[in-house]
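*Asks:* Have a look at the structure that comes next, please.
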Amino acid sequence: MRPLRNILFGLAISLFVTGMTTGVERFPPPDFVETDHVIPSPTSPGPRQDVYEYIDALVLLAALGLATYLILKKRSRRAIFALTVFSLLYFGFWRKGCVCSIGAIQNIVFSIFDPDYAVPIVVVAFFLLPLVFTLFFGRAFCAAVCPLGAIQDMVLARPVSVPDWAESGLRLFAYVYLALAVLFAATGSAFVICRYDPFISIFRLSGSLNILILGGCLLLIGVFIGRPYCRFLCPYGVILRQLSRLSKWRVTITPDECIQCRLCEDSCPFGAIKKPSAQWPEQEYHIAKKRLAFLLLLLPVLVFLGGWAGSGLKGVTSQAHETVRLAKQIYLEDNGQIVEATDASTAFRATGQQTKELYEQAANIRARFEMGGWILGGFIGLIIGLKLIGLSVWRRRTDYEADRAGCLACGRCYKYCPREHVRLKKMKEGSGKW
Amino acid sequence: MTQNDKTINRRNFLRDGLWGGCLATLGIVAGASARKKRNNDLVWQIDPYKCIACDRCATFCVLEDSAVKCVQLYEICGYCDFCPGYFELGATVLDTGAENELCPTGAIKRTFIEDPYYEYDIDEALCIGCAKCVKGCAAFGNGSLFLQVRHDRCLNCNECSIAVACPTGAFKRVPADEPYLLKKVDHA
């Protein structure tokens, strides 16, 4: 038996030298004669059971329902905060983050464009439930359910206000982030939202150093600037903002009527309280009218320019796809511009696939990125255009109101309203005494 | 909370129309996803036939201790005395001395069964998923040692960090009720 094995071993070495490395069964299975040893099977411990996933979805539903009740009916910041702590512990530290509603955008988009990927029902629930709740009740999800929002809410100790222009400008990042995330998910290249989720390493208490530093920095900024991720980066927040504009019920600072006392004016750490606005002066009104007409005409130009720029970036964006990267590597190697082969290119050559096929695949993907670039860039152009139009449209407001889109429904402003104190019977109607 | 003016004007009409449109869109998304509905969750797994044993699994996992471990598929194993997954290539003495072992953490246990057969087991608590043994076994042996994502450890990240780093696209999502991709037994 032994000599035979040695011969086979020698043969195996020669095979290895000729470049054959994949596992083939070179040796016959053992033939036990002296003992009756039974060949064992490898263990296969299962993943987390499905039932827990469904429980997660139910907890999400319950948390959203409770948040809505606390925000709109109970109007209690303390209770909302308690729910925030629970969400941070449950969805963050216990569940360790994945799949979250923010990341679920990519799963949904990926499943639309990839016929082979069927998105699990729990992921659909995580994507849709907060959106439906927002459409009815405003951003209850942001207020007390989202673990990413929760961790930032915890550290907000010394809020400073951000000027409106900075707020509007910085928010563009979120739109670009959403557009890129959708582009990369649709082309099957990457799930960037998950890759750069700043707080996931904190929830898991392990992860890459870069992401930990990113999360740490955001939390540090978050001590002074309320919820920087939610306001300036969150791609899901972008969708929630738009749905929240249309919501049937929403946060009102005062429980009944605004008495214009200005006490709530600076209470919002997220700059989401809109002050009453007076009529524009006559001459400014005419200028604004002209400006609006100009901006309306500018809108299609911006959309086109954005799309043109977006498609022009296909060389850069398509590098996110591994096939395109591999094709580039192979091309450079074949043309002698790179001497050293990578693991990927070596493995590709070992498969014996034609480079022509690879180049074709890469060209197809690049074409998809070009198309996607038009849509992505056009979308960003549209957002910039609409933002400019929004800034030059005058809206009459008589009361202090929570901004329909920007209000995160945290409930911090409630206690600043004297009418709220009347409602809670801490203060008598009209007495002015506590 | 309350809607002050319920009068039908252009603004409210548009708003209600948009609202209905958004709700309908969400309904379509739900319907489209449910059409392709799969009851199980999806989990990450390595296709052992695509894996090139590059050792990225050991370092790229978000867990301190990678969720990828070596699996021994005993049915394929030749129970060799000179196991190319266990011993270093230049090993002179075939004993369990650490200097002869290929595994950097000593995670493979060698047990004598009968002449000339030895059984090799993986101690998962020690295995770091570096794939040194996988390389050896694939090169000179039967390829019974290969890497798999162990689901008692895997956090099932929405984007697996190792999958991103994998040079051959060996990582894929598989249904959670069949979470392992073991090699096929093929005694030629």
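For the record, the sequence lines run as chains A and B.
Taking the numbering used here, the leading residue of the first sequence gets 68, the next gets one more, and so forth.
Taking the numbering used here, the leading residue of the second sequence gets -7, the next gets one more, and so forth.
Even glycine gets a Cβ: it sits at the ideal position worked out from N, Cα and C.
1. Measuring CB to CB, does F163(B) end up less than 9 Å from Q37(B)?
2. Show which residues of chain A have a CB atom less than 7 Å away from the CB atom of T160(B).
3. Quick one: is E504(A) near chain B, going by C-beta distance under 9 Å?
4. Tell me, which residues are paired with I114(B) by DSSP?
5. On the three-state DSSP scale, how would you describe G9(B)?
6. Please confirm if N277(A) has its CB atom under 9 Å from at least one CB of chain B.
7. Excluding sequence positions up to five away, which residues of its chain have a Cβ less than 7 Å from the Cβ of E324(A)?
8. List, from N- to C-terminal side, the beta strand (DSSP E) runs of 3 residues or more that fit wholly inside the segment 17 to 105 of chain B.
9. Taking its Cβ as the centre, do 16 or more other Cβ atoms sit within 10 Å of G23(B), making it buried, or is it exposed?
10. I'd like to check one pair, A26(B) with D117(A): are the Cβ atoms closer than 9 Å?
11. Express the C-alpha separation of E111(B) and F104(B) in angstroms, rounding to a whole number.
12. Based on Cα-Cα distance, which residue from T319(A), D103(A), H104(A) lies nearest to K141(A)?
13. Is it true that the segment 418 to 432 of chain A meets the segment 380 to 400 of chain A, where meeting means three or more beta-carbon pairs spaced less than 8 Å apart?
14. Report the residue from F251(A), V368(A), Y157(A) whose alpha carbon sits nearest the alpha carbon of P437(A).
15. Just the chain A side, please: which residues come within less than 7 Å of Y78(B) by C-beta, in chain order?
16. Express the C-alpha separation of I188(A) and Y121(A) in angstroms, rounding to a whole number.
17. Rank D470(A), T384(A), A408(A), T413(A) by C-alpha distance to the C-alpha of I432(A) and give the top, closest one.
18. Output the distance between the C-alpha atoms of Y467(A) and C480(A), rounded to the nearest integer angstrom.
19. Go ahead and label W501(A) buried or exposed: buried means 16 or more other beta carbons lie within 10 angstroms of its beta carbon, across all protein chains shown.
20. C261(A) versus chain B: which residues are under 7 Å apart at the beta carbon?
21. List the residues that DSSP assigns as beta-bridge partners of R165(B).
22. Kindly list, in the order they appear in chain B, the residues whose Cβ is closer than 9 Å to that of A210(A).
23. With the cut-off set at 9 Å, would you say V212(A) and L137(A) are in Cβ contact?
24. For a cutoff of 9 Å on Cβ pairs, would you count G98(B) as touching chain A?
25. Could you pull the start and end residues of the alpha helix (DSSP H) that Q140(B) belongs to?
26. Taking L475(A) and R206(A) to be in contact with their CB atoms under 8 Å, please state how far apart those CB atoms are, rounded to whole angstroms.
27. For chain A, find out if any of its Cβ atoms is closer than 9 Å to the Cβ of D87(B); answer yes or no.
28. List the residues of chain B that C165(A) touches, going by C-beta distances under 7 Å, in chain order.
29. Does the pairing of the segment 136 to 152 of chain B with the segment 55 to 70 of chain B give three or more beta-carbon distances under 8 Å?
30. My understanding is that A59(B) touches R165(B), with C-beta atoms under 8 Å, so please give their C-beta distance in whole angstroms.
31. Going straight from the alpha carbon of P512(A) to that of I354(A), what length do you get?
32. In the structure shown, what three-state DSSP assignment does A355(A) receive?
*Replies:* According to the structure shown:
1. Mapped onto the second sequence, residue 163(B) falls at position 171. Mapped onto the second sequence, residue 37(B) falls at position 45. The answer is yes: Cβ separation under 9 Å.
2. Position 168 of the second sequence, counting from 1, holds the residue named residue 160(B). Per Cβ cutoff of 7 Å: A411, A414.
3. Any property of residue 504(A) remains undetermined from this structure, which presents chain A solely from 68 to 501.
4. Counting from 1 along the second sequence, the entry for residue 114(B) is found at position 122. DSSP, once it has assigned bridges, lists I100(B) as partnering I114(B).
5. In the second sequence, counting from the first residue as 1, residue 9(B) sits at position 17. Three-state DSSP puts G9(B) in a helix.
6. Here residue 277(A) is taken as the residue at index 210 of the first sequence, counted from 1. Taking Cβ atoms only, chain B never reaches closer than 9 Å to N277(A), which makes this a no.
7. Here residue 324(A) refers to the residue found at position 257 of the first sequence. Within the same chain, E324(A) has close Cβ partners R486.
8. 34 to 38, 60 to 64
9. For the purposes of this step, residue 23(B) is identified with residue 31 of the second sequence, where counting begins at 1. The residue in question, G23(B), is exposed, as its Cβ has fewer than 16 Cβ neighbours within 10 Å.
10. Residue mapping note: residue 117(A) aligns to position 50 of the first sequence, counting from 1. Residue mapping note: residue 26(B) aligns to position 34 of the second sequence, counting from 1. No, the pair does not count as a contact, with Cβ atoms beyond the cut-off.
11. Here residue 104(B) corresponds to residue number 112 of the second sequence, with the count starting at 1. Here residue 111(B) corresponds to residue number 119 of the second sequence, with the count starting at 1. Approximately 6 Å, taken between the alpha carbons.
12. The count along the first sequence starts at 1 and reaches residue 141(A) at position 74. Taking only the C-alpha atoms, the option nearest K141(A) is T319(A).
13. yes
14. To locate residue 437(A), count along the first sequence from 1; it is residue 370. Residue identity check: residue 437(A) is Glu in the sequence provided, not Pro. Here the closest residue by C-alpha is F251(A).
15. As a first step, residue 78(B) must be located in the second sequence, where it is residue number 86. Here the premise fails: no neighbours, minimum Cβ distance about 14 Å.
16. Working through the first sequence from its first residue, we reach residue 121(A) at position 54. Working through the first sequence from its first residue, we reach residue 188(A) at position 121. So the two alpha carbons sit approximately 9 Å from each other.
17. The residue given as residue 432(A) occupies position 365 in the first sequence. Checked all of D470(A), T384(A), A408(A), T413(A); the closest Cα to I432(A) is T384(A).
18. Position 400 of the first sequence holds residue 467(A). Position 413 of the first sequence holds residue 480(A). Going from the Cα of Y467(A) to the Cα of C480(A) covers about 11 Å.
19. In the first sequence, counting from the first residue as 1, residue 501(A) sits at position 434. Residue confidence is low: W501(A) scores 48 on pLDDT, short of 50, so the model does not pin down where it sits. No coordinate-derived value is stated.
20. For the purposes of this step, residue 261(A) is taken as the residue at position 194 of the first sequence. Ordered by position in chain B, the residues that pass the 7 Å Cβ test against C261(A) are C149, N150, E151.
21. Counting from 1 along the second sequence, the entry for residue 165(B) is found at position 173. BP columns for R165(B) point to W36(B).
22. Locating residue 210(A) in the first sequence gives position 143, counting from the first residue. Per Cβ cutoff of 9 Å: no residues; A210(A) is ~15 Å from chain B at best.
23. What you label residue 212(A) is simply residue 145 of the first sequence in a count that begins at 1. What you label residue 137(A) is simply residue 70 of the first sequence in a count that begins at 1. Cβ atoms of V212(A) and L137(A): not closer than 9 Å.
24. As a position in the second sequence, residue 98(B) is number 106, starting the count at 1. G98(B) does not count as touching chain A.
25. Taking the second sequence and counting its residues from 1, the one referred to as residue 140(B) is at position 148. Run containing Q140(B): none in the alpha helix (DSSP H); it sits in the beta strand (DSSP E), 137 to 141.
26. The count along the first sequence starts at 1 and reaches residue 475(A) at position 408. The count along the first sequence starts at 1 and reaches residue 206(A) at position 139. Sure, about 6 Å apart at Cβ, within 8 Å.
27. The sequence position of residue 87(B) within the second sequence is 95, counting from 1. Judged by the 9 Å Cβ criterion, D87(B) is not in contact with chain A.
28. Walking along the first sequence from the start, residue 165(A) turns up at place 98. Residues of chain B passing the Cβ test: L147, N148, C149, N150.
29. yes
30. Counting from one through the second sequence, the residue named residue 59(B) turns up at place 67. Counting from one through the second sequence, the residue named residue 165(B) turns up at place 173. Actually they are not in contact, since the Cβ atoms of A59(B) and R165(B) sit about 15 Å apart, beyond 8 Å.
31. Because chain A in this structure spans residues 68 to 501, residue 512(A) falls outside the shown range and cannot be described.
32. Within the first sequence, the letter at position 288 stands for residue 355(A). Reduced to three states, the DSSP call for A355(A) is helix.
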